[in-house]
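Chains as they are written, first to last, in our numbering: chain A, 1250 to 1521; chain B, 2 to 238. Virtual Cβ for every residue (Gly too), placed ideally from N, Cα, C. Keep in mind that this is a model prediction, so the values were computed, not measured. Shown next, in structure tokens, is the structure this report addresses.
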Amino acid sequence: MNEESAQAVFGTAPQQTQDDSVKAEVDRLNFYYGDYRGLKDITLRVYNKRVTALIGPSGCGKSTFLRCFNRIHDLYPGNRYEGSIRLYPDNIDILGRAIDPIDVRMRIGMVFQKPSPFPTTIFENVAYGPRLRGLAPRAAVADKVEQALRGAALWDEVKDRLHTLASNLSGGQQQRLCIARALAADPELLLFDEPTSALDPIATASIEELISSLKDTVSILIVTHNMQQAARCSDYTAFLYMGELIEFGETDQIFIRPTKRETEDYITGRFG
Amino acid sequence: MSNGEHLSKQYDHELETLRSRTLQMGGMVEAQVQAAITSYERPDDKVADQVIEGDRAINAQEVELDRDVVNMIVRRQPTAGDLRMIIGVARTTTELERIGDEATKIARAAKWHFEKQRSVRTPRLRDIHTSALAAAGMLRGALDAFARLDSAAAAAIIEEDRGVDQQFQAILRQLITFMMEDPRTISASLDAVWVAKAIERIGDHAKNIAEHVIFVAQGTDVRHASPEEIARAVSSE
């Protein structure tokens, strides 16, 4: 079937990116906090159903970059984006003026450094998103909550106390609850901003394990200070330094034979 | 590879110690090879005994360096150039230990030679001598390349191995002819075959070390690669 007849049958124009291996494409992204240029001309692909880790020293722009994906920066005046982040398969620019940030956040979930459950019950934490999207029948909401909690590997631990306060959970459980809350919105892309930096090694291991299992269904971007964590749970790694993308590649390549001196110095713990 | 210093001075110190101790082990193995060949050519059973005794020290070095490698992996979780250096050390010490074993084999042949007081001189001694010089030269070159992390020099060593292999084949053919002409030389000739084989193996291990050097320096695995692939890998540095 040639392109023309394919178009005639499916009624869609061929997309810019033909293969479905790419979830998002960042093109010459610049970000300004007022006059300060926090990100400089970043171009990078986020691969579909893969984990991409963002590493770099404090202040290098990795969290700034992550936050562009769900337009959190819109909440503060004076912030400005340039360039585009195209989300596939529908090929929309999520930084576009016509795009409602709320729609973006429905499709792209975020998990923060500190577990941030709502001050309510476990059940209500997870049910909030689906209800916001108009899911009303009690049974359907309950199903959704169970599914999300199972997805976040928390169900077995909380199924008997769904209606108790989320704040009674341990730190690791609260973080998994936040992941369940994000999953309940059926996101296509999940953003993790140092999700384990406040957790002990066991809770960290369970979150990392969860990240590995989640990539069957969603694409993941994770910011981490812990290089070993990036090496353990990501497929691709991007190294940022002073707002610039220095090197991007498969994680094995970055950690075994980085091509840039700055990357080597950073990951081996040398002076920059 | 980066030459900058780590934030951890202790880490720098550990890496440097690991590297210099590998070179030290290399020096010991080189001396063993030289002594083994001398013991066979003379023949000299005292020198041969020293070589056989000396192999213990080589084995002990291998075990110690290996333990240090494991400790560094556990404690430092090395990455990039550091990881490649540590893996390179682990691989290189294994090769060195095996070269030590080959030297011991030559020394055993020398003792045998000496004890039997062979009246029949092994005819291909000169060719064995040439081959031994070439293999010892490869070992020295591989250790130099390791010390300087010089990929180009390492690639040249890999190339030299073909010459040593060809010399072994030539020695073998000549010894076969010799044995067919005069069956009384069979025993002595077979000893010479073992010695020539050990020398050829030393060349192989030196070549392997050179391959490890390229891995450490550039992160490219050139084991089992064709000469063209190796040349390309080295030129892309």
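When C-beta distances to chain B are compared with 7 Å, the residues of the stretch 1489-1520 of chain A below that value are Phe1504, Ile1505, Arg1506, Pro1507, Arg1510, Glu1513, Asp1514, Ile1516, Thr1517, Gly1518, Arg1519 and Phe1520, in chain order. The straight-line gap separating the alpha-carbon atoms of B/Ile59 and B/Asp145 is approximately 19 Å.
Counting C-beta atoms within 10 angstroms of its own C-beta, B/Thr105 has 16 or more neighbours from the protein chains shown and is therefore classed as buried. The C-alpha of B/Arg202 lies about 15 Å from the C-alpha of B/Ala171. Within the stretch 77-110 of chain B, not a single complete alpha helix (DSSP H) segment reaches 4 residues in length. For a cut-off of 8 Å, the C-beta gap from B/Leu150 to B/Val217 is around 6 Å, short enough to register as a contact. Think of a sphere of 9 Å around the beta carbon of A/Gln1422: no beta carbon from chain B falls inside it, the nearest being about 28 Å out. With a cut-off of 8 Å on Cβ pairs, the stretch 1347-1362 of chain A is not in contact with the stretch 1477-1496 of chain A, counting fewer than three such pairs. The beta carbon of A/Leu1438 is closer than 8 Å to those of Lys1272, Ala1273, Val1295, Phe1318, Leu1336, Arg1356, Ile1357, Gly1358, Val1467, Ser1468, Ile1469 and Leu1470 in its chain, skipping five residues each way along the sequence. With respect to the 8 Å criterion, A/Ile1371 and A/Leu1432 are not classified as neighbours on the basis of their beta carbons. B/His206 and B/Asn72 have their alpha carbons spaced roughly 25 Å apart. Rounded to the nearest angstrom, the Cβ distance from A/Ile1495 to A/Phe1504 is 14 Å, too far for a contact under 8 Å.
If you compare the alpha carbons of A/Val1472, A/Leu1278 and A/Met1491 with that of A/Ile1343, the shortest gap goes to A/Leu1278.
Beta-bridge analysis with DSSP links A/Thr1486 to A/Ala1302 and A/Gly1498. DSSP, reduced to helix, strand and coil, places A/Thr1292 within a strand of the structure shown. For A/Gln1477, the residues of chain B that pass the 7 Å Cβ criterion are Gln78, in the order they occur in the chain. By the Cβ criterion, the stretch 1291-1305 of chain A is in contact with the stretch 1456-1464 of chain A, since at least three pairs of Cβ atoms, one from each stretch, lie closer than 8 Å. Using a 10 angstroms sphere on the CB of B/Leu19, the tally of other CB atoms reaches 16 or more, which defines it as buried.
Within the DSSP secondary-structure output, B/Ser9 pairs in no beta bridge. In this structure, the alpha-carbon of A/Lys1509 lies about 52 Å from that of B/Glu42. About 6 Å separates the beta carbon of B/Ile107 from that of B/Ile38, a gap short enough to meet the 8 Å contact definition. Taking a Cβ-Cβ cut-off of 8 Å, B/Ala91 has no neighbours in chain A, whose nearest Cβ is about 15 Å from it. Where B/Lys208 is concerned, the enclosing alpha helix (DSSP H) starts and stops at Ile187 to Gln219.
Scanning chain A for C-beta atoms nearer than 7 Å to the C-beta of B/Ser9 yields Gly1518, reported in chain order.
Relative to B/Thr93, the option among B/Glu103, B/Ala143, B/Val52 and B/Arg163 whose CA is nearest is B/Ala143.
Beta-carbon to beta-carbon, A/Lys1311 and A/Ile1321 are separated by about 14 Å, too far to satisfy the 8 Å threshold. Shown here, A/Arg1277 sits in a strand according to DSSP, grouped into three states. The criterion of a C-beta distance shorter than 8 Å is not satisfied by A/Leu1315 and A/Phe1497. Pairing B/Ala81 with B/Asp46, the inter-Cα distance amounts to about 47 Å. With contacts defined as CB atoms closer than 8 Å, A/Thr1473 and A/Glu1443 qualify as a contacting pair.
A distance below 7 Å between beta-carbons, with the five flanking residues on each side excluded, links B/His213 to the following residues of its chain, in chain order: Gly89, Arg92 and Thr93. Chain order gives the chain A residues near B/Asp83 as Thr1517, where near means a beta carbon separation below 7 Å.
Against chain A, the CB of B/Gly204 has no partner CB under 8 Å away; the residue lies outside that interface.
B/Ile215 is the residue among B/Met29, B/Ile215 and B/Ala61 whose C-alpha sits nearest the C-alpha of B/Ile158.
CA-to-CA, the gap between B/Val223 and B/Ala153 works out to about 13 Å. DSSP, read as helix, strand or coil, puts A/Phe1318 in coil.
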